[in-house]
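Numbering (UniProt numbering), first residue to last: 1 to 175.
Report on the following structure.
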C-alpha cells in the first residue's frame, strides 16, 4: 500500500466535444477514407439483405451481378461464378465510389445528420440501379422490384450516413 501513496497523480482532461477532422495530414485523409469504406461496407451489407429478400420473392435476380462482371471485364477472373465476381465489383463501388461521393456532397443534402442525408442520397443512387438491374419484370413483380430496391437504397444511404455520424464523433485517439 505504501508504494501506491508515492505515485504521482496524472490529471486527464476529458471533454465532451467533437473531435476535429485532420484534413492537413495524410493520416487524416486515410482515416476519413477508412470511415467511408466502413460506412460503405455496412450500407452494402444492409442493402444486400434487402436484395436477398427481393430475390427470395423473385423480384430480383442475383445473376444480374454477372452482367456487371461482364461489363467490367472482371468475369474472366473467376469464370465459374461470374455473379460472385460481379458482386465484388458491386461491393467495391459501395465501399469506395459512393461513400466518396457522399462525403463530398453530403453537406448539400437535406437533413441535419448524415444518417438522414443518406436517405435522399440512396434515392438518387436507386434511379440508376433500377434501370441498370431491371430484368424484364412486369405486373406485381415490377412493383415489388421497384419497392424493394428503393427500400434497399434507402437502407444503404441511412446506414452509410449513420456510420459517418458515429465515427466522425470518435476521438482521434483513445489512449
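Where is the CB? At the ideal position from N, CA and C, for every residue including glycine.
Values in this document were obtained by computation on a predicted structure and should not be read as measured data.
Check whether the Cβ atoms of residue 85 and residue 59 lie closer than 8 angstroms to each other. no
Distance check for residue 90 and residue 151, CA to CA, integer angstroms please. 17 angstroms
The alpha helix (DSSP H) that contains residue 62, what's its start and end? Unbroken run through residue 62: none, as it is neither H nor E.
I need the boundaries of the alpha helix (DSSP H) containing residue 121, first residue and last residue. 114-132
Buried versus exposed, by CB contacts within 10 Å (16 or more), residue 54: buried
Taking three-plus beta-carbon pairs below 8 angstroms as touching, is the region 150-167 in contact with the region 104-121? yes
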